[in-house]
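The listed protein sequences derive, respectively, from chains A and B. Okay, so the first sequence: first residue is 1 according to the working numbering, each after it adds one. Okay, so the second sequence: first residue is 1 according to the working numbering, each after it adds one. No residue lacks a Cβ here, since even glycine has one placed at the ideal position from N, Cα and C. Written out below as structure tokens is the structure these notes cover.
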Amino acid sequence: MGEKKKKIVKQIKVDADLCNGCRACEAVCSAFHASPRYSSNNPARSRIRVHFDPLRNLYVPVYAGPYTESECMGRDKYTIDGKEYDECLFCRASCPSRDLFKEPDSGLPLKCDMCEDDPPLEEPMCVQVCLVDALTYEEREEEVEEEEEEKREDLEVGLEALINEYGLEKIMDTVARMAVSKEE
Amino acid sequence: MRYAETGFNLEVDLSRGSIERVETDPGLTELYLGGLGTNAKILWDRVPPEVEPFSPDNLLVFSSGILDGTLATGANRTIISTFSPQTLLMAFSMMGGFWAPELKFAGYDKVIVRGKSPNLVYLWINNDKVEIRDAGHLQGKGSLETAELIREELNEPKAQVLAIGLAGENRVYYASVEHGRSSASRGGIGAVMGSKGLKAIAVRGTKDLNIARPAEFFELCQEVLKYMQYRANNPIKGVPPILAGIGSPQEMAIHDEKWHTTSFSWGHARERRKDFWTSERAEEWKRTQEQSVERLISCYNCPMRCGGIVGHPELPTHRYMMKCYSKLTYVMAAMADDLEFGFKIAGLAQEYGLDGYTTPQVMAFAVELYEDGILTDQDMPGFPSGNEERFFYLLDKIVRREGIGDVLANGVYWAARQIGKGAEAYDHNTTKKHEQMVIKLGMLNPIYYLMYATGEKMSITQIEGQMPQAPLPKEYREEFVKDWIQVPKEEFKEFILKWEPRGEYAFPFWPPIDLMCELVEWQETMHYIDDCTGICAGLSSFPIKPPYHIHNLPKFISSATGMDMDEDALWEIAKRNRTLIRAINARRGLRREDEKPPEDHWKKRFPEYEAKLLDEYYKFKGWNKEGIPTKETLDKLGLDYVGEDLVRRGILADSEAAPSEQSAA
């Protein structure tokens, strides 16, 4: 058991009733994570996606969460205030059942990192551009029991996904081959 | 690498069923920028003036603007250009929404459609994969319904769809292209789309859009967002509430319709109802609106909520998305006092794909002819007696082109001439064969006179902007000009400070004509710039003190595209585009005699003075007495090839400003 530790929990509050479906959050997210920063944008790379279906008046902004290897065994549907929602609408996973939260070219999983930056931003970019206040930001302090798992780099998360798909050996072979061909 | 634009167009020939991806010439971007500008260049080069709008040789160009899809707030407009079956001139229509940004993410700046498909088809653009698909099963379907069915059959919920409804299929001259919460409505481009057998274009894109100087560009975007917040908290003082903010008029959010219902005309642009807006009515309309509007919605990458999701149980889709002013156009034209009627008929008309400005006017025109005995029960069997029922009756006839509907489907100008029996006299509110704003005023406004007369965009809302529409109350003037950063010239501030409702500094003989010309040019030019960038007029050329203006737009364009650009260079591009479009229309026969605002637009008119205004404005623009750009003007703008063509056709005389004898005849 680790010591009790204080931890800042970053929280984006989503008020789906206020969402106007403009997708400014998607646009700015993809631009912030471009390299160099803001050099391109592409909502398909965004780590937040707005599901919207005006004819049913369904508006659900969702953030990219953890990568998952396998999809759910079944699908549930929720009815809230008389409107039917597919459970997947709320799901944050980058998952084999859909193309959401994956890089469109490589298929690598995407995950919201709260726009971590040095120096830190006051608020994640999606919150900053949401002038209709569907997205708002809060930080709160929490006490946590165990040692925090070391934070993994994006690269590591991506590599692990590739390893899961192709096997460690194949990835290592490929990297070695590419390294050799680069040298030539 | 190309920045901000993709550098590729799609060329689709529906007669041959061919699709090509064509790289564009960056030199054209430097000269015409994009959107409307490059559309006009394509139409000049490839559609000779004898080509009829419904000919397979007419082109239909669906374009993005050069900033569409970038982080620039509100850069999302689709600019559709072709030749109008109604005016026979170049058709101007733009719409917001999500379509053009998606097209750029798919890797294209424009889709250029030519030819004519033997059967009804739709186009499916999915990144590099583009196909022409059968649309037989979508025939007669509503515009929203079509979009839904296409997304379902492609299993692509994120595909953006633009589509025509029954009106476009049946070539109603004022049929629109519909795209969810937006539509390109003016000039009958939906009819041209129908004539090509093209029901819809669906697009899905997942590619990057690149920016030349990212840090600089992002900083500018942030400034615009900040200014929008500032303007939200600082409405303009001394103007009606509807003009005090930015965005499209906030018709979905605002209940107070006193200004529109009491200043604009009812029926067939005839009657002002100054006592319409009572407190009971205000209560009732507020209740109806609150029951109907379920959510305020926006276009791509814009926080302004100019649209609304409207629920209506009697509509086939139960809900639709309403754009600002169609809430009132049907209500007022039908002399229906009930806002609920407006929500219902606007929803139906949108499914059929009809222009929300022209359609109600055509129907009111028919009602007037019926009441005056020019149209009879023979023409309109079973014509109901109630105002609202009459409009539903006419709507149905028009979109099906059934009976009298077949004539009315051509718009007021053509219908009046087809009906005859004195119906021509009822054509009192068109300019260049196109229905105009339903507003009737007292004293001639010389600035608006020039805009109505010479505008080729037909809709005054696509020409006017940035200026208060009446003198500001004295106490607000100093404050107004203090932070009026948008003006290109300091003299414009002097004008606002001096301008009075009557006396020495009042219309129509003040201000000096040269200043009027500059004020007209400024207003119109900003629209021409927006139509190249794809930025919404609601954030730029239309409202007073908008976040985008002549001083920051060149920086946006330059940092996004990497091109050198300053205010003078941008002004020159807008001037080149505006002049080219004038030449396109001159080549199709537009002349001075067509440049007339509706005769009853103002009660007090001054024919000689108006002629002088027009003379001076033409001179100021470098056009001859017939309103045709002179060879010298064209040469200066690098449009030598245009001048040569006009001379060859005898429209311009060689090396002089006056028109040749032939064209004057």
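Query: First and last residue of the alpha helix (DSSP H) that includes Lys700 (chain B)?; Result: One cannot answer for residue 700 (chain B) here, as it falls past the ends of chain B, which runs 1 to 665.
Query: What does DSSP give as the partner residue(s) for Ser94 (chain A) in the beta ladder?; Result: A:Tyr67
Query: Just checking my contact of Met437 (chain B) with Ile460 (chain B) at CB under 8 Å: how many whole Å lie between their CB atoms?; Result: 5 Å
Query: So which residues of chain A does Asn210 (chain B) contact, with C-beta pairs closer than 8 Å?; Result: Ser39, Ser40
Query: For Gln662 (chain B), does the three-state DSSP call read helix, strand or coil?; Result: Any answer about Gln662 (chain B) is weak, because its pLDDT of 44 lies below 50 and its placement is not dependable; what the coordinates show is given next. DSSP places Gln662 (chain B) in helix when its eight states are reduced to three.
Query: Can you tell me the Cβ-Cβ gap for Lys110 (chain B) and Val61 (chain B), rounded? I've got them flagged as a contact below 8 Å.; Result: 6 Å
Query: With respect to the alpha helix (DSSP H) encompassing His527 (chain B), which residues constitute its N-terminal and C-terminal limits?; Result: 513–533
Query: Report the residue from B:Gly27, B:Leu14, B:Phe54, B:Leu28 whose alpha carbon sits nearest the alpha carbon of Val121 (chain B).; Result: B:Leu14
Query: Give a yes or no on whether the C-beta atoms belonging to Thr261 (chain B) and Lys274 (chain B) are separated by under 7 Å.; Result: no
Query: So does the region 486–501 of chain B actually touch the region 510–530 of chain B, counting three or more Cβ pairs closer than 8 Å?; Result: yes
Query: With a threshold of 8 Å, are at least 3 pairs of Cβ atoms found where one atom belongs to the region 354–374 of chain B and the other to the region 298–305 of chain B?; Result: no
Query: Which residues of the region 5–30 of chain A have a Cβ closer than 7 Å to any Cβ of chain B? Give them in chain order.; Result: Asn20, Gly21, Cys22, Arg23, Ala24, Ala27, Val28
Query: Quick check on DSSP: helix, strand or coil for Phe383 (chain B)?; Result: coil
Query: Would you list the residues sitting across from Met667 (chain B) in a DSSP beta bridge?; Result: Summary: the structure shown does not reach residue 667 (chain B), with chain B confined to residues 1 through 665, and so no result is reported for it.
Query: Short of 7 Å in beta carbon distance, which residues of its chain neighbour Ala184 (chain B), apart from the five on each side in sequence? Order them along the chain.; Result: Thr78, Ile80, Ser93, Met94, Met95, Ser176, Val177
Query: What residue does the beta strand (DSSP E) around His51 (chain A) start on, and which one ends it?; Result: 48–53
Query: At the level of alpha carbons, what is the spacing between Leu168 (chain A) and Val175 (chain A)?; Result: 11 Å
Query: Given a threshold of 16 other Cβ atoms within 10 Å of its Cβ, counted over all protein chains shown, does Arg45 (chain A) qualify as buried or as exposed?; Result: buried
Query: Tyr426 (chain B) to Leu33 (chain B), Cα distance in whole Å?; Result: 42 Å
Query: Alpha carbons only, please: which of B:Glu169, B:Val172, B:Asn126 is nearest the one belonging to Arg151 (chain B)?; Result: B:Asn126
Query: Would you say Ala100 (chain B) and Asp68 (chain B) are within 7 Å of each other, going by their C-beta atoms?; Result: yes
Query: Note down, in chain order, every chain A residue with its Cβ under 8 Å from the Cβ of Asn301 (chain B).; Result: Cys22, Arg23, Ala24, Ala27
Query: Mind reading off the beta-carbon distance from Ala64 (chain A) to Arg47 (chain A)? Whole number of angstroms is fine, and I expect it under 8 Å.; Result: 4 Å
Query: With DSSP as the reference, please indicate the residues paired to Gln160 (chain B) in a beta bridge.; Result: B:Val203
Query: Run through the DSSP bridge pairs and tell me what Asn126 (chain B) is partnered with.; Result: B:Lys129, B:Arg204
Query: Should Asn57 (chain A) be flagged as near chain B, meaning a C-beta pair shorter than 7 Å?; Result: yes
Query: Would you say Ala134 (chain A) lies against chain B (beta-carbon separation less than 7 Å)?; Result: no
Query: Please report the distance separating the alpha-carbon of Ala569 (chain B) from that of Gly562 (chain B).; Result: 14 Å
Query: Gly197 (chain B) and Ala147 (chain B) look like a contact to me (Cβ under 8 Å); what is the Cβ gap, rounded to whole Å?; Result: Gly197 (chain B) to Ala147 (chain B), Cβ: 18 Å. No contact.
Query: What distance in whole Å lies between the Cβ atoms of Glu475 (chain B) and Ile581 (chain B), which are believed to be in contact at a cut-off of 8 Å?; Result: 41 Å between Cβ atoms; not a contact.
Query: Would you mind working out which of B:Leu652, B:Pro546, B:Gly411, B:Ser540 sits nearest Ile398 (chain B), comparing C-alpha positions?; Result: B:Gly411
Query: DSSP on Thr359 (chain B), reduced to helix/strand/coil?; Result: helix
Query: Measure the Cβ-Cβ separation of Ile66 (chain B) and Ala106 (chain B) and say whether it is below 7 Å.; Result: no
Query: By how many angstroms is the C-alpha of Val130 (chain B) removed from the C-alpha of Glu20 (chain B)?; Result: 9 Å
Query: How about Gly342 (chain B) and Tyr325 (chain B): do their beta carbons lie closer than 7 Å?; Result: no
Query: Could you tell me the alpha carbon to alpha carbon distance between Arg92 (chain A) and Lys482 (chain B), rounded to whole angstroms?; Result: 49 Å
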